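Residue numbers (the numbering used here): 72 to 496. Please read the structure below before turning to the comments.
This is how it looks when you write it as structure tokens:
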């Protein structure tokens, strides 16, 4: 068991480093504006581009994960991110900076699902939901690293030394992964699938999507994650400052609360899913309903909301981050190890696709409604509701179809949440 925790721990270190790379550009926005002579609108497109690349790479990364394994993918992701950050360290050209962020997004996309893949292969099924949540929770340390030591290094040493330092951390993570991560425990008889052609890979993706359990995970990830991610990545601080009258420091404090809530809620949700696997969809729907209720309560007010209500809003929507990881648990439940990486990649698209659509739609609404005003934001946040409707419908329909898909012997009132754990190696 010590070996299992060592393998998983090194993977988690690689994921923490990946989150650091993902969030480093966001905290250095003012320095980036000076270095690349770019306005706010151009810099905001970096966020959109990052989400597009990350979401677009999920299926290719999943296919490669199934073919080459977690060790190769974590190492590859680290090397690609190192190249992207090194390019950012040396260039002063906007076009090359964009290429650097694309590389970071590609490498980042390889990491999380690869680390998640290690959990069911090295640990018993009962521990998998909790350890998956802990993996995601510990990854948030990367955001803290970018907000505190990286930002301090940026201010004291300058742009190039700061980005060269985080690029070197990628190399360190890659070396550790190469030396210590193993895809399977000793004695495992599982073999990797033979190389497949493009047509076969396309057929594999279509077959996975047709499985209702995959769609259940996809819509779970979509409906729980997008609200908190949109708030944290793009529109939360402008909304709190421009529409609700918060100071920059107070808005930053609320985002810190968001991270803290996710860290606390993750293990709790994982433990609940492990203890009550037949109730996972009920947990997910409850999280989504709570988010809808909180946003409705805030947006129904014709004036800025009281601070306690906004704080409660941030707390409730932040639970959606850990809640989205239940989607990966569905992928683990319904798919064997040979296709698990691709299934998890499909699931991971859900939340990021919804985030991208909401960020872009809110930007369009704000542009047409008068900018960063209370009234404009009040209308812009309404674009969340169609996404929730799609996600609610998708979960309910795919859950019903999953019940029908299962064998009659195990069908029951909550059979769509049944744990059918593939053999762990």
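Each residue gets a CB set at the ideal place from its N, CA and C atoms; glycine is no exception. Since we're looking at a predicted model, the values are computed, not measured.
**Prompt:** In or out: residue 403 buried (at least 16 other Cβ within 10 Å) or exposed?
**Reply:** By the Cβ-count criterion, residue 403 is buried, with 16 or more other Cβ atoms from all chains shown falling within 10 Å of its own Cβ.
**Asked** Between the segment 203-211 and the segment 326-345, do three or more beta carbon pairs fall short of 8 Å?
**Response** Using a C-beta cut-off of 8 Å, the segment 203-211 makes contact with the segment 326-345, since at least three inter-stretch Cβ pairs fall below that distance.
**Asked** Counting Cβ pairs closer than 8 Å, one from the segment 347-360 and one from the segment 166-173, do we hit at least three?
**Response** Pairwise C-beta distances place the segment 347-360 out of contact with the segment 166-173, as fewer than three of them are shorter than 8 Å.
**Prompt:** Roughly how many angstroms separate the alpha carbons of residue 87 and residue 211, rounded to a whole number?
**Reply:** For residue 87 and residue 211, the distance between alpha carbons rounds to 7 Å.
**Request:** State the Cα-Cα distance for the pair residue 97 and residue 304, rounded to the nearest angstrom.
**Result:** Residue 97 and residue 304 have their C-alpha atoms roughly 8 Å apart.
**Asked** Where residue 198 and residue 449 are concerned, what is the direct C-alpha to C-alpha distance, given to the nearest angstrom?
**Response** For residue 198 and residue 449, the distance between alpha carbons rounds to 42 Å.
**Asked** Hey, how far is the Cα of residue 241 from the Cα of residue 77?
**Response** Rounded to the nearest whole angstrom, the CA to CA distance from residue 241 to residue 77 is 19 Å.
**Item:** Helix, strand or coil at residue 317 according to DSSP, with G and I counted as helix
**Value:** It is coil, neither helix nor strand.
**Asked** Is it true that the CB of residue 146 sits closer than 8 Å to the CB of residue 245?
**Response** Pairing residue 245 with residue 146 gives a Cβ-Cβ distance under 8 Å.
**Request:** Return the CA-CA distance between residue 234 and residue 124, expressed in angstroms with no decimal places.
**Result:** Distance between the alpha carbons of residue 234 and residue 124: 20 Å.
**Asked** How about residue 176 and residue 107: do their beta carbons lie closer than 8 Å?
**Response** In this structure, residue 107 does not lie closer than 8 Å to residue 176 by Cβ.
**Request:** Within its chain, find whatever has a CB closer than 7 Å to the CB of residue 187; leave out the 5 residues flanking it on each side and keep chain order.
**Result:** Non-local C-beta neighbours of residue 187 in its own chain, meaning closer than 7 Å and more than five positions away in sequence, comprise 203, 206, 399 and 415, ordered along the chain.
**Request:** Starting from residue 79, follow the alpha helix (DSSP H) in both directions and report where the run begins and ends.
**Result:** Per DSSP, residue 79 belongs to the alpha helix (DSSP H) from 73-98.
**Asked** Which two residues bound the contiguous alpha helix (DSSP H) that contains residue 367?
**Response** Taken as a continuous stretch (DSSP letters only), the alpha helix (DSSP H) holding residue 367 covers 351-370.
**Item:** Environment of residue 427 [buried if 16+ CB atoms lie within 10 Å]
**Value:** Buried, because 16 or more other Cβ atoms sit within 10 Å of the Cβ of residue 427.
**Request:** Report yes if the C-beta distance between residue 317 and residue 466 is below 8 Å; otherwise report no.
**Result:** No, the pair does not count as a contact, with Cβ atoms beyond the cut-off.
**Prompt:** Which first and last residues belong to the alpha helix (DSSP H) in which residue 387 is found?
**Reply:** Here the alpha helix (DSSP H) through residue 387 covers 378-389.
**Message:** With a threshold of 7 Å on Cβ separation, who are the neighbours of residue 252 within its own chain once the five nearest residues in sequence on each side are excluded?
**Reply:** Result list for residue 252: 78, 81, 82, 141, 142 and 145, in chain order.
**Asked** Where does residue 506 sit, in a helix, a strand or coil, going by DSSP?
**Response** Past the boundaries of the shown model lies residue 506; the chain is included only from 72 to 496, so the question cannot be answered.
**Message:** Along the chain, where does the alpha helix (DSSP H) containing residue 454 start, and where does it finish?
**Reply:** It is not in any alpha helix (DSSP H) - residue 454 carries neither H nor E in the DSSP assignment.
**Prompt:** By how many angstroms is the C-alpha of residue 95 removed from the C-alpha of residue 135?
**Reply:** Approximately 26 Å between the Cα atoms of the pair.
**Message:** I'd like the list of long-range same chain contacts for residue 328, defined as Cβ closer than 8 Å, with 5 residues on each side in sequence excluded.
**Reply:** Close CB contacts of residue 328 within its chain, under the 8 Å cut and outside five residues either way in sequence, are with 382, 385, 386 and 389 (chain order).
**Asked** Cα separation between residue 165 and residue 214?
**Response** So the alpha carbons of these two residues sit roughly 24 Å apart.
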